[in-house]
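S.K.: Chains as they are written, first to last, in full-length UniProt numbering: chain D, 1 to 474; chain X, 1 to 202. Below you'll find the structure I mean.
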Amino acid sequence: MAARTLYDKLVDAHVVRNLDDSGLVLLYVDRTVLNEYTSPQAFAGLRAAGRKVWNPKAALMVVDHVNPTAAQRTRAMPDRSAARQVDYFADNARDFGIEYFDILDPRQGIEHVVAPEQGLVMPGMVIAAGDSHSTAYGAFGALGYGIGTSDIEHYLATSTVRYRRLKTMRIHLTGAAPLGVTPKDIVMEVIRRIGADGATGYAVEFSGPVVSDMSVEGRIVMSIMIVEAGARGVVMAPDQKVLDYLKGRPRAPKGEMWERAATSWLALSSDPDARFDREVMLDVSEVAPLVTWGTSPDQAIAVTDIVPDLVQQDGHDRRTAAMRALSYMGLTPGTPIQSVPIDFAFIGSCTNSRIEDLRDAAAIFRGRRVAEGVRAIVVPGSTQVRAQAEAEGLAKVFTDAGVEWRQSGCSMCLAMNDDVLRPGERCASSTNRNFEGRQGPGARTHLMSPAMVAAAAVTGHITDVRSLLRGARQ
Amino acid sequence: MIPFGQVTGVAAPMLAPNIDTDVIMPKMFLKGVDRSGLGEGAFNLLRFSGGKPNPDFVLNREGYRNACFLVVGPNFGCGSSREHAVWGLQQFGIRALIGTSFAGIFNDNCANNGLLTISLDPGVVAELGEIVTDSSRNDVAIDLAAQTIRFDCGRRAIGFDIETDRKEAFLTGRDFIASTLVFADDIRAFEARHRAENPWIV
C-alpha cells in the first residue's frame, strides 16, 4: 500500500461508503460535543422530521457560550434569550437521552476544555462538533474539526457526515523556543507567514521536535489556533505524553482495555515517506512574542515592532482592508506597538484557559498589580481548571494583583454573554479572533499569549513579556 | 434546502479578503433557538451606524439594495462555524456568492442550505467585481444546470465548475439526511466492525 499520512489513515478508517467517484464519502464520526447556540436548530430539525439521535451515548452537551462568568454562579441566565437557549438545550438533552453538563455541574466548562478533561477525546477518533475550534482534538491524535448546524443535525440522525477529503499540510517545527515564546506565539507566527487563508482546504499535521517536547496543553493551543489560517482539520501523532494525559480520566479505558488501546494508539502516525500537499517549516528560535495590530489573526507583529506601513500590502483590496483595519483599531503606521495603552485584559477562551496558561499568567502577576485604569479578568476554561488554580494558589495571585477571578465559559472570546467591551475599548486578549466587533461593537482586540496579556495588564500598555520575565529572575 | 436553478438579479461587489462570519452575522443575533429574524442581522454592523443605514455600505447604495449575488474576496466566511451567517444571507435575499475561495465550514453550510458558492480564478473575479461596481452593469444571471454566469448586460458569459453531487443537490433541494438514511444498514455494519476493532469507543 502507498505511504499514507495520519490524516488519510484516520479518514480511511472511518469511511462507511463512497458517495460518488470523486472522493465524496460517508464518514463515520465517533463523538461530538454540543453547545447551546449552534445546536438548537439541529434538534428542532430532528423534532420536525420525527427523527431520533442515532447514538446518544456518543454526544455530550455543555453550556458554554452564553453563561455568565460572575464569581457567584447561579442557574439563572442574565437575559431571556440566553435562558431560552439553555432551557431548550436541557429539554433536548432529556428528550433525546444525551448526557448534559449544566452550568452548576462541577464538570462544566468550555466544550474543548471539558471533553479532553473527561477523557472523551481519544487517539484515532473522528470528532466533528458544532464549533470551529473543534480542531482542538487533533492534539490527541484524533481528527477534530468544526461543522455547522445542518451537519450537526445530519450527524445526530446518522452518526455520519458527508465528507470530501482535504489536501494535507505538514507544519514541521524545529529549534528551541526563546524565553517568553509560547505555543500561542508559535502558531501565530505560522498564521502570519501563511496568511488567514493559508491552510484553507487543508488538514494540518503538526510535527517535529518542538511538538514532541511540547505539553499536550500546548499542542491543544496550536490545534485550536491554526483554524485562524483556515485549517479544516488537525491531527498530530499521539505519543506517551498523550497517554499520560488520558490515563485515569473518567471516560478513558481502564485495565486491560487501556493496555490494548494504548498499543493501538501509539501505532498511529504518518508513514515516514508519506507525501503532503504542502510542507511548512518553522525554526521556532526565530519567533518572538507576537501581538496582532489589525482585525484578522494574520495581521500580527513581534511585540518589539512598529505598526506596519500598509503601502507594503500587495493588491488594492488587501491594502484597502488593511487600512480599514488600522482605522478600526485606531492605530497609526510607525507607532511602536509597545506604546499602545489598553483598557482591558482578558485571559480565557478555549485557546488559552487551561492550567498551564493560568500558571504562565500568574508568574507575571505575582507580586505585581494591575495598572490603574485597566480592568483585568481571568476566566478559567472549566470549573475543574478553576478548582485546580485555587488549589495551586494561582487564584490568590490573581486577586492579590487586582485581577477578577471568574467562573468558566467562552466569555469575551466572542462576548455572547454579559462580558462585552464598549465601543473603542482596547483589550489585550488571550483569545483567537480579533475580528471587527468580536468582543463588542467597536471594541479593539489585540491577540497575544496569556503571559503577554498579564504583562500588558500590569504596565497598562502592550508590553514585551520578556522584560518582566528577566526582572523576575534577577 | 432551497433548490437553485436559474437566478437573475443584481450583484454587489464586496472584495475585501477574509470577510468573517462575525461581520456577516454579529453575535447579537445568535441568541435564538430557531432561524427567524436573521435577515436583519446580515452585515448588521456594516449596514447600520447609530441606528441609521450607513450610506457608505454597498448594500445600502442606490442600485444595490436588492442585490441577490455578492462578488466576494478570498476566504469569504472565515472564522466561526455559525450557520446563522448563511441563514441570514438567504433571508436578506442573497442566492449565490462568486469569489476565489470560501472558508471550509461556511462553504459546507452554504451547500447544506442552497446558497450557491462559485469559485473562479482571481483574474475573473477581479474583472467581474470591477464590472458590477458600475451600477448600470451589475445585472448577473446564473444558470446552474448549464453552469454559466452571464454578466455585463448579457454581453459576456463564462462557465464554472461544480462537483456533480453538489450540483444535483442544489438543483433538487435534496434532503441530505433522508438520502444518507438510505444507507442505514451500511452504517450499522460499519459501526459493528468499528466497535469490535476499537472496543474502547462507545
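Here a beta-carbon is modelled for each residue, glycine too, at the ideal position from N, C-alpha and C.
#1: Does any residue of chain D bring its CB to less than 8 Å from the CB of G39/X?
#2: Cβ atoms of A136/D and G148/D: under 8 Å apart, would you say?
#3: Residues of chain X with a CB under 8 Å from the CB of K57/D: which are they?
#4: Measuring CB atoms only, is the region 4–12 of chain X touching the region 337–357 of chain D, in the sense that at least three cross pairs come out at less than 8 Å?
#5: From which residue to which residue does the beta strand (DSSP E) around T158/D run?
#6: According to DSSP, is H278/D helix, strand or coil?
#7: How about D161/X: is its C-beta nearer than 8 Å to some C-beta of chain D?
#8: Which partner residues of H172/D appear in the DSSP bridge assignment?
#9: What does D30/D touch in chain X if you count any residue whose Cβ is under 7 Å from its own?
#10: Quick one: is R155/X buried, meaning 16 or more other Cβ sit within 10 Å of its Cβ, or exposed?
#11: In chain order, which alpha helix (DSSP H) runs of at least 4 residues are fully inside the region 57–93 of chain X?
#12: Output the boundary residues of the alpha helix (DSSP H) element that contains I177/X.
#13: For E83/X, go through chain D and note every residue whose CB falls closer than 8 Å to its CB, in chain order.
#14: Can you round the beta-carbon distance between A229/D and T5/D to whole angstroms, since I take them to be within the 8 Å contact cut?
#15: If you scan the region 190–241 of chain D from start to end, which runs of the beta strand (DSSP E) of 3 or more residues do you find wholly inside it?
#16: Between the C-alpha atoms of residue 209/X and R422/D, what's the straight-line distance to the nearest angstrom?
#17: Which residues, in chain order, does the region 8–30 of chain X contribute to contact with chain D at a C-beta distance below 7 Å?
#18: Write down the C-beta distance between N18/D and S159/D rounded to the nearest angstrom, noting that I regard them as a contact closer than 8 Å.
#19: Could you compute how far the alpha carbon of T182/D sits from the alpha carbon of K27/X?
#20: Closer than 7 Å, Cβ to any Cβ of chain D: which residues of the region 96–109 of chain X, in chain order?
#21: Does the beta-carbon of A3/D have 16 or more other beta-carbons within 10 angstroms, so that it is buried, or is it exposed?
#22: Would you report the Cα separation of A13/D and Y64/X, rounded to the nearest angstrom?
#23: Report the rounded CA-to-CA distance for A472/D versus N432/D, giving the unit in angstroms.
#24: So, is V202/X buried or exposed, given that buried needs 16 or more other C-beta atoms within 10 angstroms?
#25: Going along chain X in order, which residues have a C-beta closer than 8 Å to the C-beta of R162/D?
#26: How about the region 409–421 of chain D and the region 429–447 of chain D: do they share at least three Cβ pairs that are nearer than 8 Å?
#27: Check E163/X in the structure and name its three-state DSSP category.
#28: Which residue from G424/D, A261/D and T38/D puts its Cα closest to that of G330/D?
#29: To the nearest angstrom, how far is the alpha carbon of Q240/D from that of A203/D?
#30: Cα-Cα, which of G348/D, A361/D and G373/D is closest to S382/D?
#31: Would you please verify whether the beta carbon of D165/X is less than 8 Å from any beta carbon of chain D?
M.R.: Quick answer:
#1: Translated into positions along the second sequence, residue 39/X becomes position 39. Answer no: the Cβ-Cβ gap between G39/X and chain D never drops below 8 Å.
#2: For this step, residue 148/D is matched to residue 148 along the first sequence. For this step, residue 136/D is matched to residue 136 along the first sequence. No, Cβ-Cβ distance for G148/D and A136/D is not below 8 Å.
#3: Residue 57/D sits at position 57 when you count from the first residue of the first sequence. Simply V202.
#4: By the Cβ criterion, the region 4–12 of chain X is not in contact with the region 337–357 of chain D, since fewer than three pairs of Cβ atoms, one from each stretch, lie closer than 8 Å.
#5: By one-based count along the first sequence, residue 158/D stands at place 158. From DSSP, T158/D is part of no beta strand (DSSP E) but of the alpha helix (DSSP H) over T149 to T158.
#6: Numbered from 1 along the first sequence, position 278 holds the residue referred to as residue 278/D. A small correction: the amino acid at residue 278/D is Arg; His does not occupy that position in the sequence shown. Strand, per DSSP.
#7: Locating residue 161/X in the second sequence gives position 161, counting from the first residue. Not an interface residue.
#8: Taking the first sequence and counting its residues from 1, one reaches residue 172/D at position 172. Beta-bridge partners of H172/D (DSSP): S207/D and M281/D.
#9: Along the first sequence, one-based indexing puts residue 30/D at 30. Under the 7 Å cutoff, chain X gives I201.
#10: Residue 155/X sits at position 155 when you count from the first residue of the second sequence. R155/X is exposed by the Cβ-count criterion.
#11: Segments of the alpha helix (DSSP H) lying fully in the region 57–93 of chain X: 84–91.
#12: Walking along the second sequence from the start, residue 177/X turns up at place 177. First-last of the alpha helix (DSSP H) with I177/X: F176 to L181.
#13: Residue mapping note: residue 83/X aligns to position 83 of the second sequence, counting from 1. Going along chain D in sequence order, the residues near E83/X (Cβ under 8 Å) are T38, Q41, G148, T149 and S150.
#14: By one-based count along the first sequence, residue 229/D stands at place 229. By one-based count along the first sequence, residue 5/D stands at place 5. Their Cβ separation, rounded to whole angstroms, is 18 Å, which puts A229/D and T5/D out of contact at 8 Å.
#15: Those beta strand (DSSP E) runs which fall completely within the region 190–241 of chain D and span 3+ residues are 202–207 and 233–235.
#16: For residue 209/X there is no data in the structure shown, the boundaries of chain X being 1 and 202.
#17: Look at the region 8–30 of chain X: the residues with a C-beta under 7 Å from a C-beta of chain D are L15, A16, P17, N18, D20, D22, V23, P26, K27 and L30.
#18: Position 18 of the first sequence, counted from the first residue, corresponds to residue 18/D. Position 159 of the first sequence, counted from the first residue, corresponds to residue 159/D. Not quite, the Cβ-Cβ distance comes to about 17 Å (not below 8 Å), so this is no contact.
#19: If you number the first sequence from 1, residue 182/D lands on position 182. If you number the second sequence from 1, residue 27/X lands on position 27. Rounded to the nearest whole angstrom, the C-alpha separation of T182/D and K27/X is 30 Å.
#20: For the region 96–109 of chain X, which is checked against every Cβ of chain D, the residues closer than 7 Å are S101, A103, G104, I105, D108 and N109.
#21: By 1-based counting over the first sequence, the position of residue 3/D is 3. So A3/D counts as exposed.
#22: Locating residue 13/D in the first sequence gives position 13, counting from the first residue. Locating residue 64/X in the second sequence gives position 64, counting from the first residue. Answer to the nearest angstrom: the Cα atoms are 49 Å apart.
#23: Within the first sequence, the letter at position 472 stands for residue 472/D. Within the first sequence, the letter at position 432 stands for residue 432/D. With a pLDDT of 49 at A472/D, under the threshold of 50, the predicted position of this residue should be treated as unreliable, though the coordinate-derived value follows. Take the alpha-carbon of A472/D and the one of N432/D: they are about 28 Å apart.
#24: Along the second sequence, one-based indexing puts residue 202/X at 202. Flag for V202/X reads exposed.
#25: Counted from its first residue, the first sequence places residue 162/D at position 162. Here the neighbours are F176 and T180.
#26: Short answer: they touch.
#27: Working through the second sequence from its first residue, we reach residue 163/X at position 163. Three-state result, E163/X: coil.
#28: Working through the first sequence from its first residue, we reach residue 330/D at position 330. Ranked by Cα distance from G330/D, the first of G424/D, A261/D and T38/D is G424/D.
#29: Translated into positions along the first sequence, residue 240/D becomes position 240. Translated into positions along the first sequence, residue 203/D becomes position 203. As the crow flies, the alpha-carbon of Q240/D is around 23 Å from that of A203/D.
#30: Residue numbering aside, residue 382/D sits at position 382 when the first sequence is read from its first letter. The shortest Cα separation from S382/D among G348/D, A361/D and G373/D belongs to G348/D.
#31: Within the second sequence, numbered from 1, the residue matching residue 165/X stands at position 165. For D165/X, the answer is yes, since a Cβ of chain D falls inside 8 Å of its Cβ.
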